[in-house]
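Visitor: Sequence positions in the sequence shown follow my numbering and run 1 to 846. Beta carbons are placed, not taken as given, at the ideal position from N, Cα and C, and that holds for glycine.
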Amino acid sequence: MNVPSNWMGSDPCGGLWVGIEILSNINLTGQLSGDIGSFSELQNLDLSFNKNMTGTLPQEIGSLKKLQTLSLIGCGFTGHIPSTIGSLRQLISISLNSNKFIGQIPNSIGNLSNLYYLDLTDNQLEGPIPVSDGNGTKFGLDMLLQTKHLLFDSNNLTGSIPSTLGLVQKLEMVRFDRNSLNGLPSNLNSLTNVIELSLSNNNLSGPMANLTGMNSLSYLMMENTQLQGQVPVDLFSLPDLKKVVLRNNHFNGTLDISNTNSNQLQLIDLRNNSISNVAQIPGGNITLLLEGNTVCDKIDQVIKSYCPAFTPNSSYFLPPNNCMQISCNSDQVASPNYERAYPYKGTIIFRGLASFDLRNTNYYAELRKSLMETLQSFALPVDSVYLSNPTMNSYGNIELSLEVFPFGQECFNQTTVTMVGFALNILSFNPPPSFGPFYLMAYTYGNCAVALNKSSGIIIGVAVGGSVLLLLVVLAVVYAFHQKKIAERASEQNNPFAHWDQNMGNGSAPQLQAAKRFSFEELKNYSNNFSEANSIGSGGYGKVYQGTLPTGQLIAIKRAQSDSIQGGLEFKTEIELLSRVHHKNLVSLLGFCFEQGEQMLVYEYIPNGTLMGSVLGKSGIRLDWMGRLKVALGAARGLVYLHEHANPPIIHRDIKSNNILLDECFNAKVADFGLSKSEFDGERNSVTTQVKGTLGYLDPEYYMTQQLTKKSDVYSFGVVMLELITARKPIQQGKYIVIEVRKAIDKSKDLYNLHEILDPFIGIGKNLEGLEEFVDLAMRCVADSRDKRPSMDEVVKEIENIMKLFGMNLSADSEPTTTNYCEASKSSSHHPSSNDVFGYRGGARI
């Protein structure tokens, strides 16, 4: 494959790939190998607009069990859509539009119970829309009960639109236009949440379907079909109806729109039908188009005013953007604030607004504001956004040229370019309601480095030449010493524990104050030969096994797989650090194993799984408000220890609800605070590491500063606090929990107007003393600016104050547990552990 121009050599990561990021629109060529299936931790795959990516989509893509978004827009893929795609149960969004896929839509897609968005537009798919058989042996799209967007336009689909599609009650957008479908279901009006229905350019016939009850319908497009009969009077009674496009059909009789209930109705386009009479002349600002109907032959001048030839604007140009007022280089552009710069450029394509008024500049102002708010929510250095050249393409989609200008500099760095693209993808950016579904076609970001002039080149050349000569002399002197050090280090890497007495076990070396060195045979015996029956989880680091010590104590053994093995010295350093970390709200490292090519970490066993599992009810016990407060306090105390009392201080950098575990009495224990690659930050005297945070929890300021601090952990903890009260994941169905809570908060109302967002199991209607203060604290933690966030020590004090509202007198060392939780847990036979429970790494790379 081609590689981006800024990559150097054959392997830009120096041989050890810790993470892989493939961006869209970087001119990749070739085929997608079946090896893609080996990336078992992959959550988002976007190869869009790499037009030279060809060949078939490999069956192995079905192995990406954690995949949430699949975007292959505008590539050159051919062949059938593999049926294995139906095994990707976590998929939220599929965008395969504008390729050359053939064959039928796989029935297996109906197995994707979390799917929110399905776009197969502009391919060569054929056959009927697949539906289930009703007895569970055959999947179908009528089983996609969470799906809101079905976009199948511009294919070769045949048959009738299935009536069972009415079961997909959450549908908001249905676009089946430009196919060969030939029948409308009688229960189409059961889709009461549909906002846009587009069935144009099909072989539909007979009368218009009954749409009564579709009270959310705003846009109806059924042009260029064979529909006939009278336009139903009840159609215009729909309260949210805005635009109706029924041109080029065979409608006849009298048009009666006197029953309209919508004060938003803007357009009724019935050109080129056979309507002979109009019973009621529309009032208000409704545009009625009747050209090409027999009613236009009448002498009535009022009627004739609706009959002139109409030529819609196909393009409307916003004011030009140029460098007239300032001096720019040939490839620079002036921002709206007259700052010369190299903007991030692309085209935004909005789907489904065939009746959009291109001339209404209010729409663009609203969109521009929404774009800026989204970019600012990610703390990106953006000065302004410019939109231009709105056009309507042949598919009835709106296209807009986009330019995003950097703030305080001439160009974005590569990381910011990546984050701008991420911020504007379909999961992060919610456009104003006037627009609807979209995708971004980003252009390659140009190199804005200024070339050196010739004289500068000569001076630099002389200086470099002299420096090289001096460097060669120095290298000759130190070479032998360096080689000796390499040999010594290699020996230590191979056996870093050579000087430690294994038989002494616990406390055998000053560096290992608590960790015990286990032999391979010991851990093999404790885990029943690492049997599958003892396997309790897995992750990128390897498998986790439950074991039992001779004393009866349960342990969790993390066994590194081959591609997660570290160097011996790194493993030793990590164990030394972890063995010094002791706190009741942190998962304890008990020991390790380093022999026979194995690296294993031994932890205390935490029986009640993750915080997320408990909040979602997977543990068998749902925490009430007091229980959640206690968990928040315990986790916060654990983080304070890492930040303020560990030596050296530790920045967790991956706080999330799956990294907070609950013991037998539902006390919180923070996991996954090990550091596989650490470096010291001299200014703050704390440990930072390369980013391995989780989407939805990561500090937005990191993308601008490239630094992780204690306040980054505070941000992540704030997201966890919001999870505690909502029982929602940080990003769910394309919505970011931080933004959703910000939008919903109204401090003048009871519970801040959060009734619709709060988890009902928290005890709504009961005493939720302190909830509003808890929300205030959480929102301070997720402030966009680090300076506005509290420290974890301040967070602990505020949670303690909230709990005192219940009359609890908490000391700094008290552990707020409830006997009920503890007894319920001990008496329950339910085992809450899942693959997530021991997904923490304890210091090794996931």
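Helix, strand or coil: how does DSSP classify Ala671 here?
Guide: coil
Visitor: Are Leu120 and Phe77 close, meaning C-beta to C-beta below 8 Å?
Guide: no
Visitor: Relative to the C-alpha of Leu125, which candidate in Lys558, Asp654, Glu196, Ile102 has its C-alpha closest?
Guide: The alpha carbon of Leu125 has as its nearest neighbour, out of Lys558, Asp654, Glu196, Ile102, the alpha carbon of Ile102.
Visitor: On a CA-only basis, which of Thr418, Gly346, Ser588, Ser95 is nearest Val385? Give me that one, please.
Guide: Gly346
Visitor: In chain order, what are the residue ranges of uninterrupted beta strand (DSSP E) at least 3 long that sit wholly in the stretch 610–676?
Guide: The stretch 610–676 contains these whole beta strand (DSSP E) runs: 660–662, 668–670.
Visitor: Would you identify the three-state DSSP class for Ala209, choosing helix, strand or coil?
Guide: coil
Visitor: Alpha carbon to alpha carbon, how far is Asp624 from Asn285? Give it in angstroms, no decimals.
Guide: 53 Å
Visitor: Could you check what DSSP says for Phe49 in three-state terms: helix, strand or coil?
Guide: If DSSP states are grouped into helix, strand and coil, Phe49 belongs with coil.
Visitor: Write down the C-beta distance between Leu238 and Ile268 rounded to the nearest angstrom, noting that I regard them as a contact closer than 8 Å.
Guide: The pair is not a contact, with the Cβ atoms about 12 Å apart (cut-off 8 Å).
Visitor: In this structure, does DSSP put Ile725 in helix, strand or coil?
Guide: helix
Visitor: Distance check for Asn111 and Phe850, CA to CA, integer angstroms please.
Guide: Only positions 1 to 846 of the chain appear in this structure, which leaves residue 850 out of reach.
Visitor: Tell me whether Ser384 sits in a helix, a strand or coil according to DSSP, three-state version.
Guide: strand
Visitor: Take every Cβ of the stretch 174–182, pair it with every Cβ of the stretch 148–163, and state whether three or more of those distances are shorter than 8 Å.
Guide: yes
Visitor: When burial is assigned at 16 or more other CB atoms within 10 Å of the CB, is Thr444 buried or exposed?
Guide: An exposed status is given to Thr444, since fewer than 16 other beta-carbon atoms sit within 10 Å of its beta-carbon.
Visitor: Measure the C-alpha to C-alpha separation of Arg622 and Leu751 and round it to an integer number of angstroms.
Guide: 21 Å
Visitor: Taking the alpha carbon of Ile94 as the point to measure from, which residue in Glu800, Asn107, Gly74, Leu70 has its own alpha carbon closest?
Guide: Leu70
Visitor: Which residue or residues does DSSP assign as beta-bridge partners of Phe438?
Guide: Phe350
Visitor: Tell me the residue span of the alpha helix (DSSP H) that contains Asn801.
Guide: 792–804
Visitor: Just the Cα atoms here: how many angstroms apart are Lys558 and Lys51?
Guide: 43 Å
Visitor: How about Leu554 and Gly609: are their beta carbons less than 8 Å apart?
Guide: no
Visitor: Is the Cβ-Cβ distance between Val131 and Leu145 less than 8 Å?
Guide: no
Visitor: Between Asn99 and Cys75, is the Cβ-Cβ spacing less than 8 Å?
Guide: Cβ atoms of Asn99 and Cys75: closer than 8 Å.
Visitor: Is Ile799 near Ala632, with beta carbons less than 8 Å apart?
Guide: Taking a C-beta distance under 8 Å as the contact criterion, Ile799 and Ala632 qualify as a contact pair.
Visitor: Apart from the five residues on each side of it in sequence, which residues of its chain come closer than 6 Å, Cβ to Cβ, to Val640?
Guide: Within the same chain, Met792, Asp793, Val796 come within 6 Å of Val640 by CB-CB distance, once the 5 residues on both sides are set aside.
Visitor: By Cβ distance below 6 Å, which residues in the same chain neighbour Asn187 in space, the five residues on each side in sequence not counted?
Guide: Ser163, Gly166
Visitor: To the nearest angstrom, how far is it from the Cα of Thr137 to the Cα of Ile109?
Guide: Distance between the alpha carbons of Thr137 and Ile109: 14 Å.
Visitor: Use the C-beta contact count for Thr726: other C-beta atoms within 10 angstroms, 16 or more gives buried, fewer gives exposed.
Guide: buried
Visitor: Could you give the distance in angstroms between the alpha-carbon of Glu522 and the alpha-carbon of Ile536?
Guide: 19 Å
Visitor: So the alpha helix (DSSP H) Tyr445 belongs to, where does it begin and stop?
Guide: Here Tyr445 belongs to no alpha helix (DSSP H), and DSSP marks it neither H nor E.
Visitor: Taking the alpha helix (DSSP H) that Ala744 falls in, what are its first and last residues?
Guide: 737–744
Visitor: Between which two residues does the beta strand (DSSP E) containing Phe378 stretch?
Guide: Where Phe378 is concerned, there is no enclosing beta strand (DSSP E), given that its DSSP letter is neither H nor E.
Visitor: Per DSSP, Leu227 is paired with what?
Guide: Gly206
Visitor: Comparing C-alpha positions only, which one of Gln230, Thr212, Lys242, Gly229 sits nearest to Leu220?
Guide: Lys242
Visitor: So for Met214, helix, strand or coil by DSSP?
Guide: coil
Visitor: Which residue or residues does DSSP assign as beta-bridge partners of Met221?
Guide: Ser198, Val245
Visitor: Under three-state DSSP, which class holds Phe251?
Guide: strand
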